[in-house]
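S.K.: So that we are looking at the same thing, I have put the structure below in structure tokens.
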Amino acid sequence: MESAQEALLPGLPDDLALRCLARLSHGYHGVLESVSNRWKDLVRSPEYANYKANQGWCGDWLFVVTERSNNQWIAYDREADRWHPLPKIPTEHDGLQHFGFSCVCVHNRLLVIGGSHAPRDTAYPRQTPVITNAVIQFDPYKKQWTRLSSMQTPRSHFACCVMSGKVYVSGGRNLSYPRGLSLAEVYDPLGDRWEDMPEMPNPQMDCLGISYKGKFHVLSDQVGLAEQNRSEIFDPSNKTWCTVNDIWPFSRAMQFAVQVMGDDQVYTVVDWGESLVKTRDSLRGEWYNVGAVPPVHLPDHCRELEAFGYGFAALRHELYVLGGKVSWGESL
């Protein structure tokens, strides 16, 4: 007779053991797989992925793609304090660098939206970039990429944000509109479909989108310049745009990386001449220092180095400063 299969966790029924193991974040999967062949088979099984998905237990991940990574995405698992690579993102443009895209998280999925594909080699400066309307989704439960419905308009360097479970995009540029788009659209992940929104009053190129107090704010990255001090605001309750002047008085010293925490508190970073995280008092319209970004310690340098051009992201109730440069040719 064959012996009974060994329990996943001695003393517990397998359904309860599965619940216990599924609570652990992805960063611990390598440890789990090393315990036994049965644990390894379980962690790699569709049953395990589906159970975590049904419970909504994907963990807290911070997704990053770096400048010289050949479009290789990596993720930081906050719970396990570990980095791990994602599967290679599918592309029809091998050998080209992906720029000007937007990425958002909605319904526990990462969406990489639009952007342009251009040569990394500066020896070909005149090669026309490929501007795309593609939308690619990463599922942290199945650990795989899939293609979703494409945007109606190809665009790069555009504004994008999530509000009430939907993805809003506006502005940017493409080969037909190199000086800026006024077209906007919204994506419903549940129906996997894009719908047109009313056009913005003014085209915006190289812009950023934030969700603030239930409205979609489109900010030009030319903030601080007198001729580019307008913001476009979309109110989804009545589906109308309005143009406002200088609602976000960023200075040119600010990196134009903006995060809005759950309490509608706005944060940004100054990285010219000083490295400070700042927040804005919306009533007074003034910026205040939150704290300094720590200097960088490199093994082959005897002194601390101040970085700039780093990433800036919010995860739960924390702000993260990632990577950066200590000179124009030296990425961290």
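Per the UniProt record's numbering, the sequence shown runs over residues 1 to 332. We put the CB at the ideal spot given by N, CA and C, even for glycine.
So, using beta-carbon positions, are Arg173 and Ser156 closer together than 9 Å?
M.R.: As a first step, residue 173 must be located in the sequence shown, where it is residue number 173. As a first step, residue 156 must be located in the sequence shown, where it is residue number 156. It is a contact, given that the beta carbons lie within the stated cut-off.
S.K.: Is it buried or exposed, Tyr288, if we count other Cβ atoms within 10 angstroms and call 16 or more buried?
M.R.: In the sequence shown, counting from the first residue as 1, residue 288 sits at position 288. Flag for Tyr288 reads exposed.
S.K.: Between Asn50, Lys88 and Leu110, which has its C-alpha nearest Cys161's C-alpha?
M.R.: Along the sequence shown, one-based indexing puts residue 161 at 161. Closest by alpha carbon: Leu110.
S.K.: Pick helix, strand or coil for Ala80, following the three-state DSSP scheme.
M.R.: Taking the first residue of the sequence shown as position 1, residue 80 is located at position 80. In this structure, Ala80 counts as coil in the three-state DSSP scheme.
S.K.: According to the Cβ coordinates, are Pro154 and Ile131 closer than 9 Å?
M.R.: The sequence position of residue 154 within the sequence shown is 154, counting from 1. The sequence position of residue 131 within the sequence shown is 131, counting from 1. The answer is yes: Cβ separation under 9 Å.
S.K.: Rounded to a whole number of angstroms, what is the C-alpha to C-alpha distance between Glu6 and Leu32?
M.R.: Your numbering for residue 6 matches position 6 in the sequence shown. Your numbering for residue 32 matches position 32 in the sequence shown. Their backbone Cα atoms lie some 16 Å apart in a straight line.
S.K.: To test your reading of the DSSP string, which unbroken beta strand (DSSP E) runs of 3 or more residues are found completely within the stretch 164-207?
M.R.: You should have 166-170, 184-188 and 193-196.
S.K.: So does the stretch 291-300 actually touch the stretch 229-246, counting three or more Cβ pairs closer than 8 Å?
M.R.: They do not touch, by the three-pair rule.
S.K.: So what does Trp287 bridge to, in DSSP terms?
M.R.: As a working note, residue 287 is residue 287 in the sequence shown. Answer is Arg280, bridged to Trp287.
S.K.: With distances taken from CA atoms, which of His317, Gly114, Asp41 and Asp139 is nearest residue 333?
M.R.: The chain is shown from 1 up to 332; residue 333 falls before or after that span and cannot be answered.
S.K.: Just the C-alpha distance for Lys215 and Phe312, rounded to the nearest angstrom, thanks.
M.R.: Here residue 215 is taken as the residue at index 215 of the sequence shown, counted from 1. Here residue 312 is taken as the residue at index 312 of the sequence shown, counted from 1. Each residue's Cα considered, the two are about 22 Å apart.
S.K.: Could you tell me if Gln204 is buried or exposed, where buried requires 16 or more neighbouring beta carbons within 10 angstroms of its beta carbon?
M.R.: One-based indexing of the sequence shown puts residue 204 at position 204. With 16 or more other Cβ atoms within 10 Å, it is buried.
S.K.: Below 8 Å on the Cβ atoms is my contact criterion, and I expect Met151 with Gly114 to pass it. Report the Cβ-Cβ distance as a whole number of Å.
M.R.: Mapped onto the sequence shown, residue 151 falls at position 151. Mapped onto the sequence shown, residue 114 falls at position 114. Right, their Cβ atoms sit about 6 Å apart.
S.K.: Return the first residue and the last residue of the beta strand (DSSP E) that Trp57 is part of.
M.R.: For the purposes of this step, residue 57 is taken as the residue at position 57 of the sequence shown. Where Trp57 is concerned, there is no enclosing beta strand (DSSP E), given that its DSSP letter is neither H nor E.
S.K.: Per DSSP, Asn245 is paired with what?
M.R.: Along the sequence shown, one-based indexing puts residue 245 at 245. Paired residue(s): Arg230.
S.K.: Check Arg303 in the structure and name its three-state DSSP category.
M.R.: Here residue 303 corresponds to residue number 303 of the sequence shown, with the count starting at 1. Reduced to three states, the DSSP call for Arg303 is coil.
S.K.: Starting from the C-beta of Ser25, find all residues in its chain whose C-beta is less than 7 Å away, skip the five residues before and the five after it, and write them out in chain order.
M.R.: Mapped onto the sequence shown, residue 25 falls at position 25. Only Gly59, Asp77, Glu79 and Ala80 meet the Cβ criterion.
S.K.: What residues match up with Ser102 in a beta bridge as DSSP calls it?
M.R.: Taking the first residue of the sequence shown as 1, we reach residue 102 at position 102. Answer is Ile113.
S.K.: From the DSSP secondary-structure annotation, give me the bridge partner or partners of Pro137.
M.R.: Numbered from 1 along the sequence shown, position 137 holds the residue referred to as residue 137. The question names Pro, but residue 137 in the sequence shown is Gln. In DSSP, Gln137 forms a bridge with Leu111 and Thr146.
S.K.: With a CB to CB cut of under 6 Å and the five nearest residues on each side skipped, what residues in its chain are close to Ala226?
M.R.: Working through the sequence shown from its first residue, we reach residue 226 at position 226. The pLDDT assigned to Ala226 is 49, lower than 50, so where the model puts this residue is not dependable; a value taken from the coordinates is nonetheless given after this. Excluding positions up to five away in sequence, the list is empty.
S.K.: Nearest to Tyr168 by CA position, among Val106, Ser176 and Tyr141, is which residue?
M.R.: Counted from its first residue, the sequence shown places residue 168 at position 168. Checking every option, the nearest Cα to that of Tyr168 belongs to Val106.
S.K.: Exposed or buried, which one is Cys242 when buried takes at least 16 other CB atoms within 10 Å?
M.R.: Locating residue 242 in the sequence shown gives position 242, counting from the first residue. So Cys242 ends up on the exposed side.
S.K.: Answer with buried or exposed for Val43, where buried requires no fewer than 16 other C-beta atoms within 10 angstroms of its C-beta.
M.R.: Taking the sequence shown and counting its residues from 1, one reaches residue 43 at position 43. It counts as buried.
S.K.: Just to confirm the assignment, what range does the alpha helix (DSSP H) spanning Glu33 have?
M.R.: Sequence index remark: in the sequence shown, residue 33 carries index 33 (1-based). Note, Glu33: alpha helix (DSSP H), His29 to Glu33.
S.K.: Since Ala49 and Lys142 are thought to touch, with beta carbons under 8 Å apart, how far apart are those beta carbons, to the nearest angstrom?
M.R.: For the purposes of this step, residue 49 is identified with residue 49 of the sequence shown, where counting begins at 1. For the purposes of this step, residue 142 is identified with residue 142 of the sequence shown, where counting begins at 1. Confirmed, Cβ separation roughly 5 Å.
S.K.: Quick one: is Glu286 buried, meaning 16 or more other Cβ sit within 10 Å of its Cβ, or exposed?
M.R.: In the sequence shown, the residue the question calls residue 286 occupies position 286. That one is exposed.
S.K.: For Pro85, write down the residues that DSSP places opposite it in a beta bridge.
M.R.: The residue you call residue 85 lines up with position 85 of the sequence shown. According to DSSP, Pro85 bridges with Ile74.
S.K.: In its own chain, which residues sit with a C-beta less than 7 Å from the C-beta of Asp264, not counting the 5 before and 5 after it?
M.R.: Along the sequence shown, read from residue 1 onward, the residue named residue 264 stands at position 264. Hits under 7 Å: Tyr212 and Lys213.
S.K.: Once the 5 residues before and after Leu39 are set aside, which same chain residues still bring their CB inside 8 Å of it?
M.R.: Here the question's residue 39 lines up with position 39 in the sequence shown. One point to set straight first is that residue 39 is Trp, not Leu, in the sequence displayed. Answer for Trp39: Leu8, Leu21, Leu32 and Glu33, listed in chain order.
S.K.: Are the beta-carbon atoms belonging to Pro85 and Trp145 less than 9 Å from one another?
M.R.: Here residue 85 refers to the residue found at position 85 when the sequence shown is read from its first residue. Here residue 145 refers to the residue found at position 145 when the sequence shown is read from its first residue. It is not a contact, given that the beta carbons lie outside the stated cut-off.
S.K.: Where does the unbroken alpha helix (DSSP H) through Leu21 begin, and where does it stop?
M.R.: Residue numbering aside, residue 21 sits at position 21 when the sequence shown is read from its first letter. Counting along the chain, the alpha helix (DSSP H) containing Leu21 begins and ends at Asp14 to Ala22.
S.K.: Could you tell me how far apart the beta carbons of Leu319 and Tyr267 are, in whole angstroms, since I believe they sit closer than 8 Å?
M.R.: On the sequence shown, position 319 is the one that residue 319 refers to. On the sequence shown, position 267 is the one that residue 267 refers to. Rounded, the Cβ-Cβ distance is 6 Å, consistent with contact.
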